[in-house]
Amino acid sequence: MKEEVKKEIFHSDISTVTVFDGLALIRRTSKINVDKGKWDIVISPIPSKAKPETLRARIFSQKGSAKMLGLNYTEEYKSYKDLEEKKLLEKEIDYLESQTYDLQAKIELCDEKRQFLRSIKTRTINDAQFQMTADKPTPEDWQNSFDFVFHTEEKILNEEKDLREKLNEVNIKLGEKRKELDKKQTPSIQAYYFAHIYLDVQKAGNFTVSIDYIVDDAAWFPDYELRVNKGKEESFLTFSAIVHQNTGEDWTNAELFLSTAMPARELKIPQPQPWIIRGIQTETKEDENSEPAVLDTDVTEEGAAGIVLSVEQPVVIPATGEPVKVVILSEKEFPCKIIRKCLPQQSPNVYLYSETSNPFDFPILPGKVTIFHDNNYNGETRFPSIAPGEDFVLKAGIDEDADAAWKLSRKKKKVKEGIVTYKLTYKGILKNRNKTEIKAEIDLTLPVSHDKKIKISEPVITPKKYTQTLDSSVRITETIESNSVLECELSFELEYPKDFQIHGIKFF
Numbered sequence: 165m166k167e168e169v170k171k172e173i174f175h176s177d178i179s180t181v182t183v184f185d186g187l188a189l190i191r192r193t194s195k196i197n198v199d200k201g202k203w204d205i206v207i208s209p210i211p212s213k214a215k216p217e218t219l220r221a222r223i224f225s226q227k228g229s230a231k232m233l234g235l236n237y238t239e240e241y242k243s244y245k246d247l248e249e250k251k252l253l254e255k256e257i258d259y260l261e262s263q264t265y266d267l268q269a270k271i272e273l274c275d276e277k278r279q280f281l282r283s284i285k286t287r288t289i290n291d292a293q294f295q296m297t298a299d300k301p302t303p304e305d306w307q308n309s310f311d312f313v314f315h316t317e318e319k320i321l322n323e324e325k326d327l328r329e330k331l332n333e334v335n336i337k338l339g340e341k342r343k344e345l346d347k348k349q350t351p352s353i354q355a356y357y358f359a360h361i362y363l364d365v366q367k368a369g370n371f372t373v374s375i376d377y378i379v380d381d382a383a384w385f386p387d388y389e390l391r392v393n394k395g396k397e398e399s400f401l402t403f404s405a406i407v408h409q410n411t412g413e414d415w416t417n418a419e420l421f422l423s424t425a426m427p428a429r430e431l432k433i434p435q436p437q438p439w440i441i442r443g444i445q446t447e448t449k450e451d452e453n454s455e456p457a458v459l460d461t462d463v464t465e466e467g468a469a470g471i472v473l474s475v476e477q478p479v480v481i482p483a484t485g486e487p488v489k490v491v492i493l494s495e496k497e498f499p500c501k502i503i504r505k506c507l508p509q510q511s512p513n514v515y516l517y518s519e520t521s522n523p524f525d526f527p528i529l530p531g532k533v534t535i536f537h538d539n540n541y542n543g544e545t546r547f548p549s550i551a552p553g554e555d556f557v558l559k560a561g562i563d564e565d566a567d568a569a570w571k572l573s574r575k576k577k578k579v580k581e582g583i584v585t586y587k588l589t590y591k592g593i594l595k596n597r598n599k600t601e602i603k604a605e606i607d608l609t610l611p612v613s614h615d616k617k618i619k620i621s622e623p624v625i626t627p628k629k630y631t632q633t634l635d636s637s638v639r640i641t642e643t644i645e646s647n648s649v650l651e652c653e654l655s656f657e658l659e660y661p662k663d664f665q666i667h668g669i670k671f672f
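Count along the sequence shown from 1, then add 164; that gives the number in the working numbering.
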């Protein structure tokens, strides 16, 4: 006699999500209690965007014992024309419509009250004219009459204003509910899946059942915040991820993992291809239309090892495609010695940078870096891919409390025997308005002639202590006290024929 297969349906919540580039691996977990025997455990619902061929299942138990006999799925269809929801909406619309009728009636009543008050006002004036010929009214009588009329009219106006505001609010709600009802009128059919896990339970008990499957339309990319404390010359890095998904189901309180691996989506084992070695044809063109052998693999994305990052707190990411920012590493100290760099001949900006290394045990991934100086937004840069311990140059924004300038400080001109000679001195200035001393580098570009008619003498640079960085540039490195100025000079002589035009230099 064939043993009866018992069946039970479980709703399984998403427990973990691993996001790759373009897809996500979803795990749903359920706790079940089953007796001894054959079972068809049904997990529902799995969204239509899931790839059912990627379904995998696991079962665990500390006391029970069961053997998994198989795994299958069935496709179902769900209509979103829910009669109960439709009836509820219709009741809400009826109630809101009755509110509009009631409010409109009250507004009309206010209008009638106002008309009645106008008639009282007209009669009061006529009575006053009659009374003036008979009994003379006192000022208090006049005041009481006008107070009654105008205060009553003001009260009616305020009441009508409140009623119209309520009517407007009700009409807005009524419009929203009618739109929602219109959507319910046209049913939309969507496929979804049931996962069937077939078990042979030898010993009853509590079991934990999990299923895994892959869905498309999910991705993430890294995002960084670098906060520089200029007063203490320290930096802190926050490593976040921007995650977005439109997989057909919300990820609610799920444990989130982010992977840089590129799993193969379609893999076809390559077949051997001819290995052809040809001579190079230099004079004839008889082979110009021939094509090289192509390795026919049909691999869209090859599997590759990558790193997996874990988000500490459970997250909620709706299936709307909207980006959600999740923090991976919060304000981790980023050791670096900040140096100011400026090129006064080219820009008044003073840039912050540091020659540092990746202090973490995982790679820094390429991504945007938003820079803050003392909690104030400063700008943006980008990280390249940086391995653990790898040296790199950290660009830390522009120092708003320092600026550079370049100007011509001395000029002497002489013309003799058709030759123009200039003695020129330029001054570079770096102002430090920071509350602390700073270490600064000033890069100066030296003048170079590319024409035999233009002669330039050996430049004289002050201060004398500098480093030659390139053939035509030098670097002055100094420590500048708070609210102080560093000045440097570049002097040289320039000669050229009087009737010869030159470019690339300003004499003012």
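Note that beta-carbon positions come from the ideal geometry of N, C-alpha and C, so glycine has one too. For clarity, every value in this text was computed on a predicted model and none was experimentally measured.
8 Å Cβ cutoff met for residue i and residue j
{"i": "T180", "j": "A418", "result": "yes"}
{"i": "I205", "j": "L363", "result": "yes"}
{"i": "V392", "j": "F536", "result": "yes"}
{"i": "L588", "j": "L658", "result": "yes"}
{"i": "D376", "j": "R220", "result": "yes"}
{"i": "S404", "j": "K532", "result": "no"}
{"i": "F671", "j": "K571", "result": "no"}
{"i": "L594", "j": "T424", "result": "no"}
{"i": "F371", "j": "I173", "result": "no"}
{"i": "F358", "j": "Y237", "result": "yes"}
{"i": "Y586", "j": "K577", "result": "yes"}
{"i": "V685", "j": "G201", "result": "Residue 685 cannot be examined here, being either before or after the span of the chain that is shown, 165 to 672."}
{"i": "V522", "j": "A560", "result": "It is Asn, not Val, that sits at residue 522 in the sequence shown. No, the pair does not count as a contact, with Cβ atoms beyond the cut-off."}
{"i": "S549", "j": "P527", "result": "yes"}
{"i": "C274", "j": "L345", "result": "no"}
{"i": "L420", "j": "V491", "result": "no"}
{"i": "S655", "j": "T600", "result": "no"}
{"i": "K347", "j": "I320", "result": "no"}
{"i": "E653", "j": "T626", "result": "yes"}
{"i": "A483", "j": "G369", "result": "no"}
{"i": "I666", "j": "Y660", "result": "yes"}
{"i": "D567", "j": "V514", "result": "yes"}
{"i": "E395", "j": "P508", "result": "Checking the sequence, you will find Gly at residue 395 rather than Glu. No, the pair does not count as a contact, with Cβ atoms beyond the cut-off."}
{"i": "D414", "j": "R504", "result": "no"}
{"i": "T264", "j": "V313", "result": "no"}
Run of the beta strand (DSSP E) containing residue i, from where it starts to where it stops
{"i": "Y630", "result": "Here Y630 belongs to no beta strand (DSSP E), and DSSP marks it neither H nor E."}
{"i": "E389", "result": "A382 to N393"}
{"i": "H667", "result": "No beta strand (DSSP E) contains H667, which DSSP labels as neither H nor E."}
{"i": "R639", "result": "S637 to I644"}
{"i": "P611", "result": "Taken as a continuous stretch (DSSP letters only), P611 belongs to no beta strand (DSSP E), as it is neither H nor E."}
{"i": "E495", "result": "V488 to E497"}
{"i": "A405", "result": "E398 to Q409"}
{"i": "A418", "result": "W415 to S423"}
{"i": "L473", "result": "V472 to S474"}
{"i": "A560", "result": "D555 to I562"}
{"i": "C506", "result": "I503 to C506"}
{"i": "I481", "result": "V479 to I481"}
For residue i: DSSP bridge partner residues
{"i": "I210", "result": "Y357"}
{"i": "D538", "result": "None; D538 has no bridge partner."}
{"i": "T193", "result": "D177 and S374"}
{"i": "G592", "result": "W570 and C652"}
{"i": "V169", "result": "K202"}
{"i": "D364", "result": "K202 and K231"}
{"i": "P661", "result": "I583"}
{"i": "E519", "result": "V557"}
{"i": "L321", "result": "Per DSSP, none; premise fails for L321."}
{"i": "L187", "result": "D380"}
{"i": "F547", "result": "G531"}
Nearest-angstrom beta carbon gap, residue j and residue i [assumed within contact, 8 Å]
{"i": "E261", "j": "L338", "result": "7 Å"}
{"i": "T520", "j": "E389", "result": "With 8 Å as the limit, T520 and E389 do not qualify as a contact, their Cβ atoms being about 17 Å apart."}
{"i": "V557", "j": "I481", "result": "Not confirmed; about 35 Å, so no contact."}
{"i": "I583", "j": "K501", "result": "Contact flag wrong, Cβ pair sits at about 50 Å."}
{"i": "I620", "j": "S613", "result": "5 Å"}
{"i": "D565", "j": "R597", "result": "4 Å"}
{"i": "P512", "j": "A569", "result": "6 Å"}
{"i": "S212", "j": "A355", "result": "4 Å"}
{"i": "I378", "j": "K215", "result": "5 Å"}
{"i": "W384", "j": "V183", "result": "5 Å"}
{"i": "K367", "j": "G228", "result": "5 Å"}
8 Å Cβ cutoff, residue i in contact with chain D
{"i": "G412", "result": "The chain labelled as chain D is not found in the depicted structure, where only one protein chain is given."}
Exercise for review: Counting only runs of 3+ residues fully inside the stretch 223-284, write out the beta strand (DSSP E) ranges in chain order.
Suggested key: DSSP assignment within the stretch 223-284 yields the following whole beta strand (DSSP E) runs of 3 residues or more, N-terminal first: 229-243.
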